[in-house]
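Written below as structure tokens is the structure these notes are about.
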Amino acid sequence: MFRKMMVVGCLLFSAVSGATELPRCLLVYSYHIGYAWNDGIDRGATQVLEGQCEIRRFYMDSKRNPEPKYIEKKAKDAYALIEQWNPDVVIAADDNASKFLVVPYLKDHKTPVVFCGVNWTTEAYGYPFSNVTGMIEKAPLEPLFILAEQALSAEPSMQNDTLRHLHFIDADRLSSHKEYDRIREHFENDRMQFHPYFVETFKQWKSAFLEAQQGDLVMVLNSAGISGWEQAEAERFVAKYGTTLSIGMYDWMREFNMVTMAKEPEEQGEWAAEVVRMILAGSSPAEIPIASNRRWNSFVNRRLLSKTELVLPDTFIQRAQKVGE
Numbered sequence: 059m060f061r062k063m064m065v066v067g068c069l070l071f072s073a074v075s076g077a078t079e080l081p082r083c084l085l086v087y088s089y090h091i092g093y094a095w096n097d098g099i100d101r102g103a104t105q106v107l108e109g110q111c112e113i114r115r116f117y118m119d120s121k122r123n124p125e126p127k128y129i130e131k132k133a134k135d136a137y138a139l140i141e142q143w144n145p146d147v148v149i150a151a152d153d154n155a156s157k158f159l160v161v162p163y164l165k166d167h168k169t170p171v172v173f174c175g176v177n178w179t180t181e182a183y184g185y186p187f188s189n190v191t192g193m194i195e196k197a198p199l200e201p202l203f204i205l206a207e208q209a210l211s212a213e214p215s216m217q218n219d220t221l222r223h224l225h226f227i228d229a230d231r232l233s234s235h236k237e238y239d240r241i242r243e244h245f246e247n248d249r250m251q252f253h254p255y256f257v258e259t260f261k262q263w264k265s266a267f268l269e270a271q272q273g274d275l276v277m278v279l280n281s282a283g284i285s286g287w288e289q290a291e292a293e294r295f296v297a298k299y300g301t302t303l304s305i306g307m308y309d310w311m312r313e314f315n316m317v318t319m320a321k322e323p324e325e326q327g328e329w330a331a332e333v334v335r336m337i338l339a340g341s342s343p344a345e346i347p348i349a350s351n352r353r354w355n356s357f358v359n360r361r362l363l364s365k366t367e368l369v370l371p372d373t374f375i376q377r378a379q380k381v382g383e
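With the numbering used here applied, the sequence shown corresponds to residues 59 to 383, in that order.
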């Protein structure tokens, strides 16, 4: 009996000691579960990292709670988790994770960090650090504005030298202001004048949308973070009152724009996760250059477009996914 117990004990010890413990990967999200962009990044990252490491997630929920004190508290909680759990790598998704967590707590830290979803530029954060690399997020603005200009220029009343009035509608959030500043920097000139609306409530959003119909072009950006938002009511409202060419950059906002060229959140998550695998295999973040996204999806909302006399190029219509049919 004793000899049998010894054999069983040795076998158990061998099985336990031979098992390989997975590395730990902490995914810190600026936003919340259920926000389409956030969920897309998570899908991309999870697809690559599943089975490669033990995954934990932390949500800062800063889209619904934009107050700096709240976000600072969540960043402090995230750092406490890092100190307690000791992950091998951290993914920090979107701007607030960089601004409130990585820069104050993890600069040149022992823990490698891969950021993603940082809008346009890392200048405000001073990246790269010795332990940090990542992917910035850029919208396909050039093709989007070229397409809009082609459609507007075909109108007899909108000749090439006509001043365009662009109305920009977005939630009043850090990433929204950063997005607007970059778009305005690149496209506002003596032929394009911008009119921004950063809204807090659904009522303000509807008012801004009505005002925007007086312009030549409207960008309907993100609804996330707008208090009292009602998706179905918003769709009815736009279908009833939308007569101005509208363009957007998020696929979940394609019901509100005639033309959408949408960034893919999955690309951000996939790229960040592949870099995590490289780091776990021995690469240093300092050896991996900061990258930019390359993929997007195109949509045309024929139901909204049919309310205008605007004509889009056949090549775009054929390639784009159809909405509102």
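Even glycine gets a Cβ: it sits at the ideal position worked out from N, Cα and C.
(request) Please classify I284: does DSSP put it in a helix, a strand, or coil? (result) coil
(request) Determine the closest residue to M277 out of D135, N189 and F256, with distance taken between C-alpha atoms. (result) F256
(message) Given this structure, state the Cα-to-Cα distance separating Y163 from Y137, to the nearest angstrom.
(response) 7 Å
(message) Between the region 247 to 254 and the region 225 to 233, can you find at least three pairs of beta-carbon atoms closer than 8 Å?
(response) yes
(request) Identify the continuous beta strand (DSSP E) that holds F179 and give its terminal residues. (result) As written in the sequence, residue 179 is Thr, which differs from the Phe given in the question. It is not in any beta strand (DSSP E) - T179 carries neither H nor E in the DSSP assignment.
(request) Check each candidate in E207, S88 and K168 and name the one with the smallest Cα separation from F12. (result) Nothing about residue 12 can be read from this structure; the chain reaches only from 59 to 383.
(message) With H, G and I counted as helix, E and B as strand and the rest as coil, what does DSSP make of S397?
(response) An answer regarding residue 397 cannot be provided, because it is not within the stretch 59 to 383 covered by the chain.
(message) To test your reading of the DSSP string, which unbroken beta strand (DSSP E) runs of 3 or more residues are found completely within the region 255 to 324?
(response) 275 to 278, 303 to 306 and 317 to 321
(message) Quick check on P384: buried or exposed, where buried means 16 or more other Cβ atoms within 10 Å of its Cβ?
(response) Residue 384 is absent from the structure shown; the chain starts at 59 and stops at 383.
(request) Ignore the nearest five residues each way along the sequence and tell me which others in G306's own chain have a CB closer than 6 Å to its CB. (result) V278, N315 and T318
(request) Decide if the region 355 to 364 is in contact with the region 181 to 197; the criterion is three or more beta carbon pairs, one per stretch, under 8 Å apart. (result) no
(message) Does I140 pass the burial test, meaning 16 or more other C-beta atoms within 10 Å, or should it be called exposed?
(response) buried
(request) Please work out which residues of its chain come closer than 6 Å, Cβ to Cβ, to V161, disregarding the five sequence neighbours upstream and downstream, and give them in chain order. (result) Y183
(request) Tell me Q251's beta-bridge partners as DSSP assigns them. (result) H223
(message) Taking the alpha carbon of G98 as the reference point, which residue from K264, R360 and E324 has its own alpha carbon closest?
(response) E324
(request) Would you mind working out which of R242, E181, K380 and V148 sits nearest A331, comparing C-alpha positions? (result) V148
(request) Look at Y93 and M118 and say whether their C-beta atoms are less than 9 Å apart. (result) no
(request) Could you say which of T301, F116, S285 and G382 lies nearest to R312 if we only look at CA atoms? (result) G382
(message) Considering only their Cβ atoms, is the gap separating F260 from I38 smaller than 9 Å?
(response) No answer is possible for residue 38: the residues shown for the chain start at 59 and end at 383.
(request) Return the first residue and the last residue of the beta strand (DSSP E) that E345 is part of. (result) Segment: none, E345 is in no beta strand (DSSP E) and carries neither H nor E.
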